[in-house]
Amino acid sequence: MDEGPLRVRISDALQVPCREVRVLGGGGTLYRERFAFWTNEDDLILFRGHAGARVRDLARFLPEAGCPYAVVARSDVQLQAASRRIDYSERGDEWCLYRFWEGLPAGLTASIEGSLFWNPGASLTTSPVLQGAALGVRELSATRLQLRESLNKSVFHTVVG
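Numbered according to our numbering, the sequence shown spans residues 20 to 180.
1. By DSSP's criteria, W137 is part of a beta bridge. Which residues make up the other side?
2. Please report the straight-line C-alpha distance between T144 and L127, rounded to a whole angstrom.
3. Looking only at C-alpha atoms, which of N59, D76, D61 sits nearest to R67?
4. Specify whether the segment 161 to 168 and the segment 105 to 112 touch according to this definition: at least 3 beta carbon pairs, one from each stretch, less than 8 Å apart.
5. Counting only the same chain and skipping the five closest in sequence on each side, list residues whose C-beta sits under 6 Å from that of L112.
6. In the DSSP output, which residue or residues are listed as bridge partners for Y117?
7. By the three-class DSSP mapping on this structure, what secondary structure does L81 have?
8. Apart from the five residues just before and just after L49, which ones in its own chain have a Cβ nearer than 6 Å to its Cβ?
9. What are the residues that DSSP puts in a beta bridge with T48?
10. Taking just the CA atoms, how far does A89 sit from A72?
11. Whole angstroms are fine: how far does the CA of G140 sit from the CA of R79?
12. Helix or strand or just coil, what does DSSP make of L33?
13. My guess is that R110 and S94 are in contact by the Cβ rule of under 8 Å, so how many angstroms apart are they, rounded?
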């Protein structure tokens, strides 16, 4: 490798976003570290500009007109703008890349199974809720509650406190 930056093709990063990096010396490995382009806890990652600076706070993000953006999202995330689905530029098994060279389209939204979780430039007035999900609270006594959560099935928890 010459003195330039380490480069990884987007197709490789979409396939395996977390990799082990090693520096090899005469007798073996001198340095080893796990490097993540993004984590598996993320559903959507936004990069801004030609340099690809990551936008860390999606909730407060305000898009700039004409600024290029790239979105990496899980394959079950759907991006839409003006009620039409947006197609990905490249795809791995679990991740998709969307490129917006002229800025984000007006009305862009991201959802999972029909539940909106990102709408850049607009504040969500309610918390995202998965369809078919519910939480019930029942007071059993002054120090005990029973919580019932359901996502297509019921699970009961008794809280003592």
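We put the beta carbon where it would ideally sit given N, CA and C, even for glycine.
In terms of the structure at hand:
1. In the sequence shown, counting from the first residue as 1, residue 137 sits at position 118. Answer is A129, bridged to W137.
2. Here the question's residue 144 lines up with position 125 in the sequence shown. Here the question's residue 127 lines up with position 108 in the sequence shown. Legend: pLDDT at T144 = 49, less than 50; position of this residue unreliable, no value from coordinates given.
3. Along the sequence shown, one-based indexing puts residue 67 at 48. Measuring from the Cα of R67, the nearest candidate turns out to be D76.
4. no
5. Residue 112 sits at position 93 when you count from the first residue of the sequence shown. Rather than Leu, the amino acid found at residue 112 in this sequence is Asp. So no residue of the chain qualifies.
6. The residue given as residue 117 occupies position 98 in the sequence shown. Paired residues: V90.
7. Position 62 of the sequence shown, counted from the start, is the residue given in the question as residue 81. If DSSP states are grouped into helix, strand and coil, L81 belongs with coil.
8. Residue 49 sits at position 30 when you count from the first residue of the sequence shown. These residues qualify, in order along the chain: V42.
9. Stepping through the sequence shown from its first residue, residue 48 is reached at position 29. L43.
10. Looking up residue 72 in the sequence shown gives position 53. Looking up residue 89 in the sequence shown gives position 70. For A72 and A89, the distance between alpha carbons rounds to 10 Å.
11. Numbered from 1 along the sequence shown, position 60 holds the residue referred to as residue 79. Numbered from 1 along the sequence shown, position 121 holds the residue referred to as residue 140. Whole-angstrom Cα-Cα distance: 8 Å.
12. Residue numbering aside, residue 33 sits at position 14 when the sequence shown is read from its first letter. In this structure, DSSP gives L33 a helical state, which the three-state scheme calls helix.
13. Working through the sequence shown from its first residue, we reach residue 110 at position 91. Working through the sequence shown from its first residue, we reach residue 94 at position 75. 7 Å between Cβ atoms; contact.
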